[in-house]
Every structure is written in structure tokens, then in C-alpha cells.
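Asker: Here you go, one structure.
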């Protein structure tokens, strides 16, 4: 029996078959790419952690450099207490602090905070601490490296999802990030609030010059840093 290709039924059936075939093919392709996507995400995260320490790396060498410099990692809670026996997805490297911040079912008190103990290129011990916050158009995030005195910022790495190029997006640029180096997050265990300012007084202690035209994003970084550091200061005070 021959099919009449001119009939609507044939056209409809053919279309359905093609949709199914294409859908299966795309699904198989997506599944095949999943391990590569995950590897890219992990490599990017390692690059950002190292960047906060002033160490350059790329996808081809980041695994080796990361293992050379990151010596230990663990998680603390909002009270600064060490949290152990966590499932794999909540362990330090796997914990997505941005996803956690955006999850409305997780209260601020129930958030977890990764800590990475590392050695920088000068052989100094540092702590690399991740954070997440809100900019003008979307989330912002970053890593801050704290010196072995547990008080002084030795490096930062900030990034964003959708801030305006030339304005808020400039938080990812070196000229903004270098200003944070040397600032104190605390003194004798008491938190210090670092202000991002727009009056040009950023060279003064506890002040950083904000981005011209990017005030909302700049203040978002200010809140993100200070609120997150307040948690880590609790932890540092407990291990002195």
C-alpha cells in the first residue's frame, strides 16, 4: 500500500516524527555535553579563586595551579562554627553561594559559608572567601583573599551577570579591585565597615572609590563584602 504524500495526514505524521527525532537527538547531545559543561564551571570557579590571590590561570593549567595553592577547604555556618559531615553538594568547593543567596527557602541564618585555606605566590598563608550579592540588574559575586592576620584584604575578584558595560560592569576591572587590597575587615576582632564612596575620598582608610555612573552596583559590592565578612570574622575570632 502506497502512502499519499499529498494528504494532510501524511504531512502531520511526518512532522511529528521529525519533531521526535530532532528532540531525541538534541537531548542526547545535551546529555553528552553535560560533563564538559560541569568541567568548564569548575575550571572557571578555580580561576576566580586563584585570581583573588593574584594568581593567573587558564583552563589548560588551572587544575595543576589550583592543587598547588589550595591546601584545605571547609564550611562554616552563619555563627562562624565549623560544619562537618555535609553532603557532597554542600561541601566547600561544590557549594554555590549565589544559588544559595537566591533560594528564598534558605534563611540568612541557615546559609553556609565556604573557606579555602591557601598559599599565595609569596608563600604566605591566606584565606579565600566566596560571596554573593545584588547589583543593579542582577546578581554579583566574588572572592576575597584575607591575609594570615585574618584582618587584612590581600586580593579580590568580583564579577557580575548583567551590569551595564562601562558602568556597573566595571567592578570586574583591576582598577576597582586593586583598591580593596590593604583594607581591614576587622581590628582586634571587631568588624570594620568598608565604604564605597563617590566623593573621591577612596584613598582614606575604610574607603574605596566607587564606579562613576555605577553607584547602585558599587553599593551592592559594599553590602556584599561587609555582610559576608561579618560572618567570617565570627569564625576568625573563634580560631585565634
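In our numbering, the protein residues as written are 202 to 441. Every residue gets a Cβ at the ideal spot worked out from N, C-alpha and C, and that includes glycine. Here the structure is a predicted model, which is why all the values come from computation and not from measurement.
Please confirm if residue 397 has its CB atom under 8 Å from at least one CB of chain C.
Answerer: The chain inventory of the structure shown lacks chain C, comprising one protein chain alone.
Asker: Hey, residue 254 and residue 327: beta-carbon distance below 8 Å or not?
Answerer: Yes, the pair counts as a contact, with Cβ atoms nearer than the cut-off.
Asker: Just curious, the alpha helix (DSSP H) that residue 269 is in, first and last residue?
Answerer: Unbroken alpha helix (DSSP H) run through residue 269: 263 to 270.
Asker: Roughly how many angstroms separate the alpha carbons of residue 204 and residue 217, rounded to a whole number?
Answerer: Note on residue 204: pLDDT 49, under 50, position unreliable in the model; no value is reported.
Asker: Leaving out five residues on either side along the sequence, give the residues of the same chain with a beta carbon under 6 Å from the beta carbon of residue 436.
Answerer: These residues qualify, in order along the chain: 277 and 281.
Asker: Going by alpha carbons, who is nearest to residue 370 out of 335, 243, 408 and 312?
Answerer: When only C-alpha atoms are compared, the closest one is 335.
Asker: Does the contact criterion of 3 or more C-beta pairs under 8 Å hold for the segment 305 to 317 versus the segment 256 to 275?
Answerer: Output reads yes: the segment 256 to 275 touches the segment 305 to 317.
Asker: Considering Cα atoms alone, identify which of 285, 246 and 284 is closest to residue 266.
Answerer: The option with the nearest alpha carbon to residue 266 is 246.
Asker: Can you give me the start and stop residues for the alpha helix (DSSP H) that residue 303 sits inside?
Answerer: From DSSP, the alpha helix (DSSP H) with residue 303 extends over 298 to 303.
Asker: Using the DSSP secondary-structure output, state which residues sit across from residue 331 in a beta bridge.
Answerer: DSSP lists 344 as partners of residue 331.
Asker: Under 8 Å: do the segment 417 to 428 and the segment 359 to 368 share three or more Cβ pairs, one atom per stretch?
Answerer: Verdict: yes, contact present.
Asker: On a CA-only basis, which of 440, 413, 251 and 407 is nearest residue 427? Give me that one, please.
Answerer: Among 440, 413, 251 and 407, the Cα nearest to that of residue 427 belongs to 407.
Asker: Which two residues bound the contiguous alpha helix (DSSP H) that contains residue 421?
Answerer: Per DSSP, residue 421 belongs to the alpha helix (DSSP H) from 416 to 440.
Asker: Classify residue 305 as buried or exposed, calling it buried when 16 or more other Cβ atoms lie within 10 Å of its own Cβ.
Answerer: Exposed, since its Cβ has fewer than 16 Cβ neighbours within 10 Å.
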